[in-house]
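Peer 1: The UniProt record's numbering puts the first residue of the sequence shown at 1, with every later residue one more than the last.
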Amino acid sequence: MAENVKCISLFLEKEYQNKFPSIPVLAENDYFVEFNAYEVFLPKTWLEGVATSNTEQEESLNIFEVSVLRLLGIGNYSAVDLSEKLCLPLDLVQFICQRLKESGLLDSNRQITVRGRQKIGQATTNDEPVQDEIPHLLLMSRDNQKVMPMLFSRCEQVGELEKPHINMVVGSTGHAKNVRGRCLLVKERTKHPAMLTQGQIFDALRGLACKPGNRQQIRYDRKVHIASTYYAPIFLHAKAVLQNGFIDYAIVSDGESIHNDFLREYMERQIKGIDTKLKEKAYRLSTKQKKITKYDGRYPEIHVALRQQQKRTETADERRNTERQERQQVQGLAQAIEWALLYHLRKYPPPMELLASLEVQTPEENAQTLLNFAERLGLTAAKMHPKMFSRVYGRLVRGCLQSDNPSLAILLPLSIGTAAKVPDSRIVEALNTLPGTARIPFGDNEPTDIANKRENAFSFLNRLDRYGKEIRHNDEWHPIESDDAEKLYAAVRQFVQVLLPDYDNQQLMEDDSANASLQRLSAEITVMKALGEDVYMNMPPDLQEQFLKISPDKDDSEEKTGRQVLATKFVETLSIILEKILSSLLHAKPIINMEKSAVIARLQSQGISTDLSTVNDRYYENACQQQKATLGAYTLAYMASLNDTELTKFAEKKIPELAYEIAGYRGHSNNLNMVLDEALLLDLRHRVFEAVKYLGGFINE
């Protein structure tokens, strides 16, 4: 049965690369890791000018938020009551209440705070002092009661625990998305304390202050007593990520930092195989399609938005029969326009004087200013669409370039205003590519028919924006007769290419063969399947490298030819693998004092092959003394260390014959290509793998 639990997510619905675009990703897995949360009350002065996780710059409230606050200032209404009184959907009311909690305007019991009353102009009582301390959460590991050096604002989400996963719905109506991750439940070894010690609190704050590049750096004074109290068990949303370019070690992120060592170590104590699971997922993704194209992190949202429409051209007949897919594609085109405008503005940011002017003017004054800029640029049709310029004001201007939810209503007018001040802006050229738009700018005497054609640029964007909203809210759209998905796609792609000339020049990574990380990943997964995960993962890195050289995944590639030409190297690798394993096993045993002749006599008495009697006496002595020797010497010395039962099993696996055979091939290395063909090489490798699986049991003891 599902159970509601408290969760903290700094990722929300975003993927890792949306948060950290500089890190190329092969695969990622979501986890919800259980901690004990403690509420600490930090002086406001310690946090001034410092960003803390899950907090944003204070914004003005919209009319719905103000209405909810005012009702809660009158009485303690439930979400259902608020929904009925305000005639708003219940999930929207719940989302607004959550946002107000995140902003510190409501407490966890949905009671209006002092700051909330101040926000709506209500007087506070004398027993409600102005808040000089701000509550935050610190997270303590449940197994060893150590505190993670990271602050969280008290703005948890509700997740649904259905073992072994947690589902969490994030976003508002029309934007809601389900986030699902593996749940890591952690059993408490000892009962959690009722509060944190001052040492634990300040150690965590010191960890923040010492962390290079951390946005949460904080000024603190150890002489100040910090109050704390146990809050609740809580699940932190974490992502384990396999990097393209370095697959040996998975990144674990909390959403604030690229990698969190504390979090990874805590997770590793609860679950095995974080790296392996990621590698298997990346391998499945790489083999699912013949070619999987990934991008180097630039403009990922535009590629995602346009990707479905690009695939449409490959199977057009099938896709024409699916109306729902077409609606999703058109919605993606509307989003592509918005993201393209946002990236363009980040590349050519608006001048500070323009932003300052737009922040202090009224929306009507801003609209007139921006329409004048449009006319100056030759975009005379803009005046026929004044509503497209009426949403630019105050806080929307301040936050538009940092937003993760770009809006055409803000970005298009602001791009036009920027173009009037920044000569390098390409917005005019991009608008001129849209259907029916005149290419040649005119002055005040522009012919009427050309002006009417220019109108199509704004009409097109207005329609596309309307289509996107219709699909998002109602899952349907009503195109005019001349609009279909293919024509819209062609127009949007051309617009993006002109606005962002480097859009098509990004580095593509063909993961099926050209990518080094996926080649290594394929080799690792194949070897692990052949040997078993425990055997492979317990090997030292240098031995793992030897196995990757002879991985079976290369059998159908150009490596096959290389193996035949360089059979000497292939057999040498097989020999090194067995030498390293037998040597490590001998190092775990006492020094062997049995003469070589005694070993041979023992083998003869048990009917075991004595082919290794030709091993050099000095090398045998070296192997017994755990010094450098040969494969044959290691094998003979290892047999000397076994009891009768172990020796019989070892011989039944034909390992002595295998060692003798490989040693013999290495002795004839000059003519080895004439001795061994492809089938014999593969058979030799198979026998080595089987021997390693058997010996691996001893390695793990």
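Ideal Cβ positions, reconstructed from N, Cα and C, are used throughout, including at glycine. All of these numbers come straight from a predicted model, not from anything done at the bench.
Could you check how far apart the C-beta atoms of Trp339 and Ala305 are, in whole angstroms? I think they sit under 8 Å.
Peer 2: About 7 Å separates the two Cβ atoms, so the contact holds.
Peer 1: For Leu236, which of helix, strand or coil comes out of DSSP?
Peer 2: Leu236 falls in the strand class under three-state DSSP.
Peer 1: Under a Cβ-count criterion, where at least 16 other Cβ atoms within 10 Å of its own Cβ denotes burial, should Ser551 be classed as buried or exposed?
Peer 2: Looking at its Cβ environment, which holds 16 or more other Cβ atoms inside 10 Å, Ser551 is buried.
Peer 1: For Tyr38, which residues does DSSP report across the bridge?
Peer 2: Looking at the DSSP assignment, Tyr38 forms a beta bridge with Leu138 and Tyr230.
Peer 1: From what residue to what residue does the beta strand (DSSP E) around Tyr249 run?
Peer 2: Looking at the DSSP string, the run of the beta strand (DSSP E) that includes Tyr249 is Phe246 to Ser253.
Peer 1: Just to check my reading of the structure: Ile112 and Lys44 have Cβ atoms closer than 8 Å, yes? What is that Cβ distance to the nearest angstrom?
Peer 2: Not a contact, Cβ separation roughly 19 Å.
Peer 1: Kindly confirm or deny that the stretch 251-261 and the stretch 76-87 touch, where touching means at least three C-beta pairs closer than 8 Å.
Peer 2: The stretch 251-261 vs the stretch 76-87: no contact.
Peer 1: Should Met384 go down as buried or exposed, given a rule of 16 or more other Cβ atoms within 10 Å for buried?
Peer 2: Looking at its Cβ environment, which holds fewer than 16 other Cβ atoms inside 10 Å, Met384 is exposed.
Peer 1: By how many angstroms is the C-alpha of Leu263 removed from the C-alpha of His344?
Peer 2: Their Cα atoms are separated by approximately 36 Å.
Peer 1: Between the Cα of Tyr220 and those of Leu236, Glu280, Lys549 and Asp203, spot the shortest distance and give me the residue it belongs to.
Peer 2: Out of Leu236, Glu280, Lys549 and Asp203, Asp203 has the C-alpha closest to the C-alpha of Tyr220.
Peer 1: Which residues in the same chain as Arg320 place their Cβ atom closer than 7 Å to its Cβ, once the five residues preceding and following it in sequence are excluded?
Peer 2: For Arg320, the pLDDT reaches just 38, beneath the cut-off of 50, and the residue's location in the model is therefore unreliable, although a value from the coordinates is still provided. There are no such residues.
Peer 1: Only counting the same chain, and skipping five residues up and downstream in sequence, which positions put a Cβ closer than 8 Å to that of Val169?
Peer 2: Closer than 8 Å at the Cβ level, and outside the excluded window around Val169, lie Ala176, Lys177, Asn178 and Val179.
Peer 1: The alpha helix (DSSP H) with Glu15 in it runs from where to where?
Peer 2: Unbroken run through Glu15: none, as it is neither H nor E.
Peer 1: Under a Cβ-count criterion, where at least 16 other Cβ atoms within 10 Å of its own Cβ denotes burial, should Gln627 be classed as buried or exposed?
Peer 2: Exposed, because fewer than 16 other Cβ atoms sit within 10 Å of the Cβ of Gln627.
Peer 1: Going by beta-carbon coordinates alone, are Ser425 and Thr418 separated by less than 9 Å?
Peer 2: Their beta carbons are under 9 Å apart, which means Ser425 touches Thr418 by this criterion.
Peer 1: Does Ala2 come out as helix, strand or coil in the three-state DSSP assignment?
Peer 2: Of the three classes helix, strand and coil, the one that applies to Ala2 here is coil, per DSSP.
Peer 1: Just list the alpha helix (DSSP H) runs in the stretch 329-412, keeping only unbroken ones of 4 residues or longer that don't cross its boundaries, in chain order.
Peer 2: The stretch 329-412 contains these whole alpha helix (DSSP H) runs: 352-360, 363-376 and 394-399.
Peer 1: Helix, strand or coil for Arg222, going by three-state DSSP, please let me know.
Peer 2: Here Arg222 sits in coil by DSSP.
Peer 1: The alpha helix (DSSP H) with Glu162 in it runs from where to where?
Peer 2: Glu162 -> not in any alpha helix (DSSP H); beta strand (DSSP E) instead, spanning Gln157 to Glu162.
Peer 1: Alpha carbons only, please: which of Ser517, Ser286 and Ile302 is nearest the one belonging to Ala334?
Peer 2: Measuring from the Cα of Ala334, the nearest candidate turns out to be Ile302.
Peer 1: Below 6 Å CB to CB, which residues in the same chain sit around Pro413 once its five sequence neighbours on both sides are set aside?
Peer 2: Here the set comprises Leu370, Phe389 and Val392.
Peer 1: When the distance is taken between beta carbons, is Arg602 closer than 9 Å to Lys654?
Peer 2: Against a cut-off of 9 Å, the Cβ pair of Arg602 and Lys654 comes out as no contact.
Peer 1: Once DSSP output is grouped into helix, strand and coil, what is the label at Met168?
Peer 2: Strand.
Peer 1: Roughly how many angstroms separate the alpha carbons of Lys6 and Glu533, rounded to a whole number?
Peer 2: Distance between the alpha carbons of Lys6 and Glu533 is about 35 Å.
Peer 1: Report the CB separation of Leu521 from Ala250 in whole angstroms; it is logged as a contact under 8 Å.
Peer 2: That belief does not hold up - the Cβ atoms of Leu521 and Ala250 are roughly 12 Å apart, past 8 Å.
Peer 1: Determine the DSSP secondary structure at Leu185, reduced to helix, strand or coil.
Peer 2: Coil at Leu185, not helix or strand.
Peer 1: Closer than 6 Å by C-beta to Lys14: which residues in its own chain qualify, once you throw out the five before and the five after it? Chain order, please.
Peer 2: Counting only Cβ-Cβ distances below 6 Å, and skipping sequence neighbours, we find nothing.
Peer 1: Once DSSP output is grouped into helix, strand and coil, what is the label at Leu106?
Peer 2: Leu106 falls in the strand class under three-state DSSP.
Peer 1: On a Cα-Cα basis, can you pick out the residue from Glu661, Val571 and Tyr619 that is closest to Leu681?
Peer 2: Looking at the Cα atoms, Val571 is the closest of the given residues.
Peer 1: So the alpha helix (DSSP H) Gln497 belongs to, where does it begin and stop?
Peer 2: Where Gln497 is concerned, the enclosing alpha helix (DSSP H) stretches over Ala485 to Leu499.
Peer 1: Could you name the residues of the same chain whose beta carbon sits closer than 7 Å to that of Ala232, not counting the 5 residues immediately before and after it, in chain order?
Peer 2: Counting only Cβ-Cβ distances below 7 Å, and skipping sequence neighbours, we find Lys6 and Ala37.
Peer 1: Which of the three DSSP states, helix, strand or coil, is assigned to Asp179?
Peer 2: Before going further, note that residue 179 is Val rather than Asp in the sequence given. Looking at Val179 - three-state DSSP - the assignment turns out to be strand.
Peer 1: Can you determine whether any heavy atom of the ligand ADP sits closer than 8 Å to the C-beta of Val571, and answer yes or no?
Peer 2: Because no ligand of any kind appears in the structure shown, any question about the ligand ADP cannot be addressed here.
Peer 1: Please state whether DSSP places Tyr77 in a helix, a strand or coil.
Peer 2: Coil.
Peer 1: Return helix, strand or coil for Leu208, following the three-state DSSP convention.
Peer 2: Looking at Leu208 - three-state DSSP - the assignment turns out to be helix.
Peer 1: Quick check: the Cα distance between Gln519 and Ala194, rounded to an integer number of angstroms?
Peer 2: Cα to Cα, the separation comes out at about 51 Å.
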